[in-house]
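What follows is a single structure, written as structure tokens, with notes after it.
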Amino acid sequence: MTTDSHQLLSDPKMAVKLFGIRKDLHDLNGRTCLHSNGVLALEDDDGKREEGGLPTVDEARAAAVAVFDLAPGESLEDLFHAQLPLYVPEPPLPSFRPQLQWIDPPLSLHVLMVDVHGQKEQAERELAKSYMDIAFHRQLTDQQFQTVAGFFDRDPLFLHDCGLSQDAFLLLVEHNPNLAVGVTLRLVGSTKINDYLKALITAPLTLHTVEVVNRLATETDLPEEFLPLYVSGCIQGCDKVTDPAMQARQVRLVCLFLQSLLRNGAISLADFSVEIEAFCVQFSRIKEAAGLFQLIKQQ
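Residue numbering for the sequence shown follows our numbering, beginning at 3 and increasing consecutively.
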């Protein structure tokens, strides 16, 4: 027996440290093997152990016999000349390679669904909007007019997304009165129509504005206060014109407009008789005013 062997048997701490391993071991001959800070020992039969206490030599020997599985004829000293394992490697994890499967679906499954109808609708919407921008500055062609009018029929919300405002509406009246009438008729029943009718009342008296109002008055029911305000504005506007030639043209335009309203029953003569008669007498030198006066007397 070597000096180290005697020291091992006489020093319980060295014996315990010698047989220490990295991992805890369980169920050695029905007993539990404890490990703490590199010290290996077995629990007592009563299952109790003093906390922080060191194992005895007998406990260390019993642990060594259990760990190294000594034969009946072998003694603990036979192991001192051998190199004891200081590290027990972890057992390899079970391999799951046969259960792994790479999924690579064929490209034919990735079919892109393109909303062709939606793209076409958006393209037509952008085209109609571009035509509306043109309509504010010049007269549209028949094809352009049909494109815009057709899109108004398919999408009523387009009226609120085509850049239409009071000023733009007056530009539309001057350059494309037919389209202005169509827009206004589509707004009947909406509060938005009042903004455009107010714009017509304050707009300068032109052939196109009178034409738009005349068509609206004969094709739909306008608010009751609109026509009286517009007719009064037309009559008073003739008095404000200082140029004789321009005044005569404007009087003729107003007379023809009032005759159309009276013949179509858009206005009642009882509501405007005094004002219209005074207007006809004031401009009796003009042929159209005389004709309007005769129409009033006939009714």
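Using N, Cα and C, we set each Cβ at its ideal position, and we do this for glycine too.
- In this structure, the CA atom of residue 242 is about 28 Å from the CA atom of residue 195.
- For residue 203, the enclosing alpha helix (DSSP H) stretches over residues 194 to 204.
- Between the region 176 to 185 and the region 136 to 148, the count of Cβ pairs shorter than 8 Å is three or higher; the stretches touch.
- With a cutoff of 7 Å on beta-carbon distance, residue 266 and residue 220 are scored as near each other.
- DSSP, reduced to helix, strand and coil, places residue 164 outside both helices and strands of the structure shown, so it counts as coil.
- Of the other Cβ atoms in all chains shown, 16 or more fall within 10 Å of the Cβ of residue 186; this residue is therefore buried.
- Here the alpha carbons of residue 151 and residue 141 stand approximately 14 Å from one another.
- Judged by DSSP in its simplified three-state form, residue 207 adopts coil rather than helix or strand.
- With distances taken between CA atoms, residue 124 lies nearest to 156 out of 156, 226, 190.
- Counted as a single uninterrupted DSSP element, the stretch harbouring residue 190 is not any alpha helix (DSSP H), since DSSP gives it neither H nor E.
- At the C-beta level, residue 260 and residue 207 stay beyond 7 Å of one another.
- Ranking 290, 271, 170 by CA distance to the CA of residue 299 puts 271 first.
- Residue 152: member of the alpha helix (DSSP H) spanning 144 to 156, first to last residue.
- Nearest neighbour of residue 169 by Cα position, chosen from 146, 130, 160, 198, turns out to be 198.
- Looking from the CA of residue 160, the closest CA among 144, 255, 264, 130 belongs to 130.
- In the three-state scheme derived from DSSP, where H, G and I count as helix and E and B as strand, residue 222 is classed as coil.
- Ranked by how close their Cα comes to the Cα of residue 253, the residues 262, 289, 276, 277 have 289 in first place.
- If you compare the alpha carbons of 256, 210, 165, 283 with that of residue 235, the shortest gap goes to 256.
- With fewer than 16 other Cβ atoms inside 10 Å of its own Cβ, residue 128 counts as exposed.
- Measuring C-alpha to C-alpha distances from residue 184 to each of 173, 217, 167 identifies 217 as the nearest.
- Counting along the chain, residue 265 sits inside the alpha helix (DSSP H) bounded by residues 246 to 265.
- Rounded to whole angstroms, residue 189 and residue 173 show a C-alpha spacing of 18 Å.
- Sixteen is the threshold: when 16 or more other Cβ atoms of the shown chains lie within 10 Å of the Cβ of residue 61, as they do, the residue is buried.
- Under a 10 Å Cβ-count criterion, residue 211 is classified as buried, with 16 or more other Cβ atoms of the shown protein chains found around its own Cβ.
- Under the three-state reduction of DSSP, residue 140 is assigned to coil, being neither helix nor strand.
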